[in-house]
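I have placed the structure first, in the form of structure tokens, so that the comments after it can refer back to it.
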Amino acid sequence: MQGFFSMPESKEIIEQIIPKIDYTSALDPFSTSKDVIDACEVVKRYGFATVCVYPTWVKLAKEHMAGCKSGILVTVGFPHGSTTTEAKCAETLQALKDGATEIDMVINIARFFDGDYDYVKNDIAAVVKVCSEYRVGVKAILEVGYLSDEQIVKAAELAAEAGVEFVKTSTGFGPGRATMHNIALLKQTVGDRCKVKASGGVASLEDQWAFIQEGASRVAGRGVILEQLNRIGYVK
4 MQGFFSMPES
14 KEIIEQIIPK
24 IDYTSALDPF
34 STSKDVIDAC
44 EVVKRYGFAT
54 VCVYPTWVKL
64 AKEHMAGCKS
74 GILVTVGFPH
84 GSTTTEAKCA
94 ETLQALKDGA
104 TEIDMVINIA
114 RFFDGDYDYV
124 KNDIAAVVKV
134 CSEYRVGVKA
144 ILEVGYLSDE
154 QIVKAAELAA
164 EAGVEFVKTS
174 TGFGPGRATM
184 HNIALLKQTV
194 GDRCKVKASG
204 GVASLEDQWA
214 FIQEGASRVA
224 GRGVILEQLN
234 RIGYVK
């Protein structure tokens, strides 16, 4: 999407974007401990909403985010979502014990396509229940690139009914990407029951601002935005 929207020009607008960014540079499959530490330093420097890490790096992230208001977002059932509910709950619980402050879980896409909607909803609700004991919110990743509009609506309904804090478009590893159309569709579907996150191909400040204006409360972000912030001389 980069290049389709105009660059936010004022510091006031950029300061609306910054606290809505989940910083994802450490979610590459080959991200090392150094990559995680570097990502933590970036999040602290700019004041992004969270640093995103895999479960294996939660303790490390907690160590390096000590004293920072930004959160630690941890992925569960990533990237395909077709592990068992018990496995997702165990993974979630360990991440919470290690210091996760937000959980982004992938819905069970295989069961969704099988039409087993009760399983999908209960799978999400089980993770929500584990997180509720820690007062931590859950984002349900729908992986909209696999879905028709009708399926996006159905998946969002199931997630909202299961009690998530957010519905999220994509992992970034599946087909497709966040679009203005599916952000608007998700917002229309869930209303005030939960919030919407734009993820997948969200490359720039232009993209992020456009999605926020369309109704997204959180947006993904990585390297390109750092180049933009440095180019305009943004200082927290």
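When you line the sequence shown up against our numbering, it's residues 4 to 239, in that order.
C-beta atoms are modelled at their ideal positions from N, C-alpha and C, and glycine is treated no differently.
{"Check": "With 16 other CB atoms within 10 Å as the buried threshold, where does Arg234 fall?", "Outcome": "exposed"}
{"Check": "If you follow the beta strand (DSSP E) that Ala219 is part of, which residue opens it and which one closes it?", "Outcome": "Unbroken run through Ala219: none, as it is neither H nor E."}
{"Check": "Hey, quick one: how far does the beta strand (DSSP E) through Gly74 stretch, first residue to last?", "Outcome": "Gly74 to Val79"}
{"Check": "To the nearest angstrom, report how far apart Gly179 and Leu150 are at their CA atoms.", "Outcome": "10 Å"}
{"Check": "For the pair the segment 209-220 and the segment 55-68, tell me if three or more CB-CB distances fall below 8 Å.", "Outcome": "no"}
{"Check": "Tell me which same chain residues have a C-beta within less than 7 Å of the C-beta of Lys239, skipping the five on either side of it?", "Outcome": "Arg48, Tyr49 and Gly50"}
{"Check": "Output the residue ranges of the beta strand (DSSP E) runs that lie fully inside the segment 36-119 and measure 3 residues or longer, sorted by chain position.", "Outcome": "53-56, 74-79 and 105-109"}
{"Check": "According to DSSP, simplified to helix, strand and coil, what is Tyr26?", "Outcome": "strand"}
{"Check": "Could you tell me the distance, in whole angstroms, from the CA atom of Gly175 to the CA atom of Leu96?", "Outcome": "24 Å"}
{"Check": "Quick check on the burial criterion: 16 or more other C-beta atoms within 10 angstroms. Buried or exposed for Ser13?", "Outcome": "exposed"}
{"Check": "Just confirm the distance between the C-beta atoms of Gly74 and Ala52, as a whole number of angstroms; I'd bet it's less than 8 Å.", "Outcome": "6 Å"}
{"Check": "For Gln231, does the count of other Cβ atoms within 10 angstroms reach 16, so buried, or fall short, so exposed?", "Outcome": "buried"}
{"Check": "When DSSP labels each residue in this structure, what does Val199 get in the three-state scheme?", "Outcome": "strand"}
{"Check": "Between which two residues does the beta strand (DSSP E) harbouring Lys142 extend?", "Outcome": "Gly140 to Ile144"}
{"Check": "Under 8 Å between the Cβ atoms of Ile127 and Ile110?", "Outcome": "yes"}
{"Check": "Do you know offhand how far Glu89's Cα is from Val133's?", "Outcome": "11 Å"}
{"Check": "State the DSSP-derived secondary structure class of Ala158, mapped to helix, strand or coil.", "Outcome": "helix"}
{"Check": "Suppose you measure from the CA of Ile228 to the CA of Asp121; what does that come to, to the nearest Å?", "Outcome": "39 Å"}
{"Check": "How would you label Arg225, buried or exposed, when you count the other beta carbons within 10 angstroms and need 16 or more for buried?", "Outcome": "buried"}
{"Check": "Would you list the residues sitting across from Gly204 in a DSSP beta bridge?", "Outcome": "DSSP output for Gly204 lists no bridge partner at all."}
{"Check": "Label Phe261 either buried or exposed according to how many other C-beta atoms from any shown protein chain fall within 10 Å of its C-beta, with 16 as the threshold for buried.", "Outcome": "Lying before the first or after the last residue shown, residue 261 is absent from the chain, which here runs from 4 to 239."}
{"Check": "What residue from Phe214, Lys190, Lys157 and Gly236 has the CA that sits closest to Phe169's CA?", "Outcome": "Lys190"}
{"Check": "Can you say whether Gln5 is buried or exposed, counting buried as having 16 or more other CB atoms within 10 angstroms of its CB?", "Outcome": "Unreliable placement is indicated for Gln5, whose pLDDT of 42 sits below 50; the coordinate value is still reported in the next sentence. Result: exposed."}
{"Check": "Which residues does DSSP pair with Phe169 in a beta bridge?", "Outcome": "Lys142 and Lys198"}
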